[in-house]
Structure formats: C-alpha cells, structure tokens
Amino acid sequence: MSPIDIEIIQRKLSVVLENLKALEPIQGIERDEYIRDLYKRKATERLLQELIEAAIDINVHMIVESGHPAPDDYYQSFIRAGEIGIIPSELAEKLAPSAGLRNRLVHEYDGIEHSMILKAVAMALELYPRYVKEVSKALS
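Going from the sequence shown to this note's numbering is simple: count from 1 and add 53.
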C-alpha cells in the first residue's frame, strides 16, 4: 500500500471540473439543435467520456492506495468508493451507472441515443460537482 497521490487526484478533479464547465452550454439545448450540430454532439460525448474516466481513475486510485482490493469493474469503482467512505453511498449509487455510459461512448454499443446523452449531461452537471466536493473532502 502506497500513499494516495494527491497531485494525481487533483489533476483528475481538474479534468472533471473543466469538462463540467464545458458541458454547461449543452444543458437545456433543444434535442433537434443538438442533433443537427455534429461538433456539439461529438464534443459532448467526448467531454462526458473524459469526465467519467477521470472519476473512475480517482476511484480506483483512492481505493487501491488506501489498502482495499481493486474493484472488479468501473461500475464497482463507484460502489466501492461509497462503501469505504470516499463519497456517500447514495451518491455512489447514482453515479455508478455513468460507467455504463462511458462504455457505450467508447465502444459505441447499439449506437448512441441523443436523448440519453442530453440526460447524461443534466445528471453530470447535477451530481459530479458533489462528487468533486466529496473527493476533495476525503483528501483533507
């Protein structure tokens, strides 16, 4: 067991925050406008993917470096982070499904439904600022 590398966590938290800021203009956009703009769609998908991957990296690093076994998958990284007190369990349960979204974005399973992406933006903007706050609190 080695100590949690605070610089790594802070760098990853910065990615989450930067991507949240970049996603703000997408919240509330009309679905038709979103569909028509290839650049907005691709940027939104990539921003969500990077944001979720940064959170997963944080989860895994903090779990393993605090002496716990590595989670079995990305979904479990959130659940385990909740179980060991990095973030509240109820927040972990709400964020865990974003691991599945990350997989869909990376592997393009069954295509990507635009409405699902727009809902994911709203979810990210609602829940991930709290995630950042809780992880920051766990570091101190």
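Where a beta carbon is used, it is the ideal one built from N, C-alpha and C, also for glycine.
Using the C-alpha atoms, what's the distance from residue j back to residue i?
i	j	result
A108	K186	12 Å
A191	E143	16 Å
Y127	D85	32 Å
L180	E103	16 Å
Q63	I88	34 Å
D90	S193	42 Å
E118	D58	8 Å
G153	I105	10 Å
S164	N156	The sequence given here has Gly at residue 164, not Ser. Spanning the two alpha carbons is a distance of roughly 12 Å.
H167	V113	29 Å
M169	I61	30 Å
E28	K95	Nothing about residue 28 can be read from this structure; the chain reaches only from 54 to 193.
G81	P56	41 Å
How close, in whole Å, do the beta carbons of residue i and residue j come, if the pair is a contact with beta carbons under 8 Å?
i	j	result
P182	L66	About 11 Å separates the two Cβ atoms, so there is no contact after all.
I132	I116	Not confirmed; about 10 Å, so no contact.
L76	T97	7 Å
I140	V174	Actually they are not in contact, since the Cβ atoms of I140 and V174 sit about 20 Å apart, beyond 8 Å.
For residue i, tell me which candidate among the options has the shortest Cα-Cα distance.
i	options	result
I79	Y184, S189 and L178	L178
P150	P56, I82 and L101	L101
K93	V68, L171, I61 and P124	L171
I111	V68, E166, H160 and R157	V68
Y184	E161, L148 and M169	L148
E146	E83, I61 and M176	M176
Answer with buried or exposed for residue i, where buried requires no fewer than 16 other C-beta atoms within 10 angstroms of its C-beta.
i	result
G135	buried
S130	buried
P124	buried
V159	exposed
R99	exposed
- At 3 residues or longer, and completely inside the stretch 54 to 94: list those beta strand (DSSP E) runs for me, N to C. Qualifying beta strand (DSSP E) stretches: none in this window.
- With a floor of 4 residues, list each alpha helix (DSSP H) that falls wholly inside the stretch 104 to 157, ordered by position along the chain. Unbroken alpha helix (DSSP H) runs of no fewer than 4 residues, entirely contained in the stretch 104 to 157, are found at 127 to 136 and 142 to 148, following chain order.
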